[in-house]
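Notes to accompany the following structure.
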Amino acid sequence: MSFFISDALAVGETVAAGAAAVEGPGWQGLAFPLGILFFFYILFIRPQQKKGKEQKKMIGALTKGAEVVTNGGMLGRVVSLDDNFVQLDVGNNMIVQIQRQAVQNLMPKGTFKVQSKRLNNS
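Letter 10 of the sequence shown, counting from 1, is numbered 242 in our numbering, and no numbers are missing.
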């Protein structure tokens, strides 16, 4: 039995000596996780923030007569608007009231007219 105990002590002493020589990871241990965070920020977070700012700017610039597409895909012309809601003429003098944040895209002038003609000729 003493033969096994002396081996265990010898292994324990070499491990303790090796542990004393090893230092903490320092700044090199943080480089990889910080690199991953930077990578995700550049690829995902920054473009999303940029798109949100552009969307807010577009919604703030809505005016009467602007042609828009909603999140649901409805094309219409802005008839009136207030702080929270927009009234859209979607064709045949049908007025739909939607939330201002539901406006997805601002369309070029004339898009609504062309689409209305296309539907009336069909």
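Just so it is clear, CB atoms sit at the ideal spot from N, CA and C, and this is done for glycine as well.
Selection from the options that minimises the alpha carbon distance to residue i
i, options, result
"Leu307", "Ser348, Gln333 and Phe264", "Ser348"
"Ile291", "Pro340, Gly304, Arg332 and Gln281", "Arg332"
"Gly297", "Lys283, Val318, Asn303 and Arg278", "Val318"
"Val316", "Lys285, Gln329, Arg278 and Gly305", "Correcting the residue type first, residue 316 is Asn in the shown sequence and not Val. Answer by Cα proximity: Gln329."
"Lys289", "Arg350, Asn337 and Leu351", "Asn337"
Residue interval of the alpha helix (DSSP H) (run including residue i)
i, result
"Gln347", "Thr343 to Asn353"
Residue i burial status per 10 Å Cβ neighbour count (16 or more: buried)
i, result
"Glu299", "buried"
"Leu320", "buried"
"Val178", "Absent from the model: residue 178. The displayed extent of the chain is 233 to 354, so no value can be given."
"Arg309", "buried"
"Phe344", "buried"
Run of the beta strand (DSSP E) containing residue i, from where it starts to where it stops
i, result
"Met339", "Val335 to Met339"
"Arg309", "Leu307 to Leu313"
ask   = Along the chain, which unbroken stretches of the beta strand (DSSP E) at least 3 residues long are found entirely within the segment 259-304?
value = 299-302
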